[in-house]
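Visitor: Read in the numbering used here, the sequence shown has 1326 at position 490, and its numbers run on one by one without any break. Where a beta carbon is used, it is the ideal one built from N, C-alpha and C, also for glycine. Quick caveat, the model's predicted, so the values are computed rather than measured.
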Amino acid sequence: MQFAQAAVNCLRPEEELHCLCSKDEDQKALREMLVPLMQANTKLRIHQGWDHRCLASLGCLQLLDSSLNRFAEIRLPLKEIDFSIVGMIHTLSSSEAIETVANCVARDLYPWDAIVCTSNAGKEVVQKIWEQRAAYLCCRLGANFASDNWMPATPVIPLPGPAKQPYRPDLSRKERRQLARKVLGISDEAFVICFVGRLSFHSKAHPVILYQTLANLSQDTREVVLIECGQFPNYHFREAFDEVAGMFQGFTRIVIGGLSPATENEKWEVYAAANVFLSHSDNIQETFGLTILEAMLAELPVIASAWSGYRDLVADGQTGFLLPTIDLLLDLEDDPLQDAYYERELSYDIWVGIASLGVLIDKDALYASLRTFVECPELGERFAAEGLRRFHKLFSPFAVLQRYRDLWLDLAAKRNQAKKDGGYPSGKAPKMGELFSGYPSTVQHLEAISIKKTTYFWALLKGPMVNEFLQKISSDSGDTFLEFINDRKVVSVVDLLALGYRRDQALRLLTLLVKLGLAESHAVGG
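#1: Can you pull the DSSP bridge partners for Arg881?
#2: Nearest to Ser1310 by CA position, among Leu1335, Glu1102, Cys890, Leu1164, is which residue?
#3: Can you name, in chain order, every residue of its own chain whose Cβ lies under 6 Å from the Cβ of Ala1016, other than the five neighbours on each side?
#4: Considering only the alpha carbon of each residue, which of Arg1324, Glu916, Ala1142, Ile1190 lies closest to His888?
#5: Taking Ile965 as the reference, which of Ile925, Gly997, Leu977 has the closest Cα?
#6: Taking Val1188 and Ile1128 to be in contact with their CB atoms under 8 Å, please state how far apart those CB atoms are, rounded to whole angstroms.
#7: According to DSSP, which residues form a beta bridge with Gln1067?
#8: Which partner residues does Thr1161 have in the DSSP bridge list?
#9: Does DSSP put Cys846 in a helix, in a strand, or in coil?
#10: Under a Cβ-count criterion, where at least 16 other Cβ atoms within 10 Å of its own Cβ denotes burial, should Glu852 be classed as buried or exposed?
#11: Using CA coordinates, which residue listed in Val961, Cys953, Lys864, Leu1352 is at the minimum distance from Lys1292?
#12: Specify the secondary structure class of Gly1362 as computed by DSSP and reduced to three states.
#13: Looking at the structure shown, is Ser930 part of a helix, part of a strand, or coil, going by DSSP?
#14: Exposed or buried, what is Ile1162 when buried is set at 16 or more other beta-carbons lying within 10 Å of its beta-carbon?
#15: Where does Leu1343 fall in DSSP's three states?
#16: Please list, in chain order, all residues of the same chain as Leu1149 whose beta carbon is under 6 Å from its beta carbon, the five residues on each side excluded.
#17: Counting along the chain, where does the beta strand (DSSP E) carrying Glu1283 start and finish?
#18: Measure from the alpha carbon of His854 to the alpha carbon of each residue in Ile882, Phe1087, Glu1319, then state which is nearest.
#19: In this structure, does DSSP put Ile910 in helix, strand or coil?
#20: If you draw a straight line from the alpha carbon of Ser929 to that of Asp1175, how long is it in whole angstroms?
#21: For Ala1134, which residues from the same chain have a beta carbon less than 6 Å from its beta carbon, with the 5 sequence-adjacent residues on both sides left out?
#22: CA-CA distance, Cys974 and Val1236?
#23: Which residue's Cα is closest to the Cα of Ala1249: Pro872, Leu904, Ser920, Ser858?
#24: Can you give me the Cβ contacts of Leu1202 inside the same chain, cut-off strictly under 6 Å, excluding the 5 residues immediately before and after it?
#25: If you draw a straight line from the C-alpha of Met1268 to the C-alpha of Ile1186, how long is it?
#26: Is the region 859-877 close to the region 892-900, with three or more CB pairs under 8 Å?
#27: Rank Thr1290, Pro1097, Ile1090 by C-alpha distance to the C-alpha of Gly1066 and give the top, closest one.
#28: Can you give me the C-alpha to C-alpha distance between Gln841 and Arg1251, rounded to a whole angstrom?
#29: Given this structure, state the Cα-to-Cα distance separating Cys953 from Arg906, to the nearest angstrom.
#30: Could you tell me which of Glu1217, Ser902, Leu1354 sits nearest to Arg1013, measuring between CA atoms?
#31: Quick check on the DSSP output: the alpha helix (DSSP H) that includes Cys890 runs from which residue to which?
#32: Kindly indicate which residue of Ser1286, Ser902, Asp944 has the alpha-carbon position closest to the one of Arg911.
#33: In or out: Lys1103 buried (at least 16 other Cβ within 10 Å) or exposed?
#34: Please look up how many angstroms separate the CB atoms of His1358 and Glu1283, rounded, as I've assumed it's under 8 Å.
#35: With 16 other CB atoms within 10 Å as the buried threshold, where does Asn980 fall?
#36: Within 10 angstroms of the Cβ of Trp948, are there 16 or more other Cβ atoms? Answer buried if so, exposed if not.
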């Protein structure tokens, strides 16, 4: 929902945001969340459902996940150029997520569609998935993979960070730290490291290296406090973290949240109390790293593993330090445990933990980074200030939404260029007329009919076998058509066009009379 909040915050005067939300209770919750954020002279419209014509008037359907293939069904055949479909990636490590991305290769998607990658590492995964599926399809179809292929665009645009730092914004950074530490019972002299996120050793970050490093750091420097802010999956995880942390002495450990989620105020209070933010993620489930953006906005230097999308967020040596990572298990040629996951013998929860066992974070770099900030607090302040500038330039809601605006305009330009180029191959089935042109023995083109007024003429036209079709093809104006033909012997397509019917309606109305034996056609052979 953070994307929707960012979109509302960034609406310009007279703009209107359209949202799709099918359930009444979800609509209510969405409206309650977004309406208070609305700027003056902006509008919000929530739809329960959309069709092709509605989306064509808007020009773009922005999804909050990567399921472009599912929403491609909304577009009508040979009218796919009317609007773009744009999705975005999140975690890519589950078999379902991989298959969703892979399905984009064979679906009717176009260069004016896009799947936004929230990191360069995520984009690399998407491209590898597409290349593998495309190679399979090329072999199956006996085709060559073209370098100028018609795949959707894959721009790299980060998720938007929060609009503001909500914890006592009236205070200075130093005053916020003093207040938060007083609330949490932490001395002003302590060196405080905070971790914010899922408290999960199998799907986020294994804590052993951190606890080891902090035990060493506390022996060599002043008082060290670690705040872990987040939620454990269950009580057994809480016990496991407590047991491992108990093996290492010398530092103070505080857990905020625990078996229930931390509140927003508690989370931002943790950021306020800290000297440095640390995220040592070592898991393939991690694609972006939203808490790093929150830490930058909270004016904290960042220490993070050089992992996945983290490398796009932290400017190493400017806003924090990136810790080198190694994966010792990437070159497994045969992996029965991976096979077991794909065969659903292993749960996803277990598999992501197993898949990340080979990931190592440089513990010497972690110790050196922490000690640098302990011994040189002025450097931490400079990094924090630079991080805040970097946040506003690249990751604020306005910065990110401007990149989305640029993307939407670029995709509109691609649609317009395709129209100028005179068409494009549709990924859907041919028109019904083309598809079944081999069924009849003869094809003719109707131009006009001569009406035969039989004794059952009106009874048949108004009867149950005809009336529903008559109303459907005439857009519920069948009575107008019947009145028009009442005193006429010959009716042409041109006559009905002049009456306001579309050409397809005119042809179907006249053909209906011929089919029922109530008229003879004036047709031209096909």
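Guide: With the given structure in hand:
#1: His854
#2: Ser1310 has its Cα closest to that of Leu1335, out of Leu1335, Glu1102, Cys890, Leu1164.
#3: Only Glu1105, Ala1108, Ala1109 meet the Cβ criterion.
#4: Glu916
#5: Ile925
#6: By a beta-carbon distance limit of 8 Å, Val1188 does not contact Ile1128. Their separation comes to about 20 Å.
#7: Gly1094
#8: DSSP lists Ile1197 as partners of Thr1161.
#9: coil
#10: By the neighbour-count rule (16 or more Cβ atoms within 10 Å), Glu852 is not buried but exposed.
#11: Checking the displayed sequence, the identity of residue 1292 turns out to be Tyr instead of Lys. Closest option to Tyr1292, Cα to Cα, is Leu1352.
#12: Unreliable placement is indicated for Gly1362, whose pLDDT of 47 sits below 50; no coordinate value is reported for it.
#13: Taken through DSSP and simplified to helix, strand or coil, Ser930 comes out as coil.
#14: exposed
#15: helix
#16: Excluding sequence neighbours, Leu1149 sits near Gly1125, Ile1128.
#17: 1280-1287
#18: Ile882
#19: helix
#20: 14 Å
#21: Gln1001, Tyr1107
#22: 37 Å
#23: Ser920
#24: Thr1049, Leu1159
#25: 49 Å
#26: no
#27: Pro1097
#28: 28 Å
#29: 18 Å
#30: Closest option to Arg1013, Cα to Cα, is Glu1217.
#31: 888-894
#32: For Arg911, the nearest C-alpha among the options comes from Asp944.
#33: Around the beta-carbon of Lys1103, 16 or more other beta-carbon atoms lie within 10 Å, marking it buried.
#34: 5 Å
#35: exposed
#36: buried
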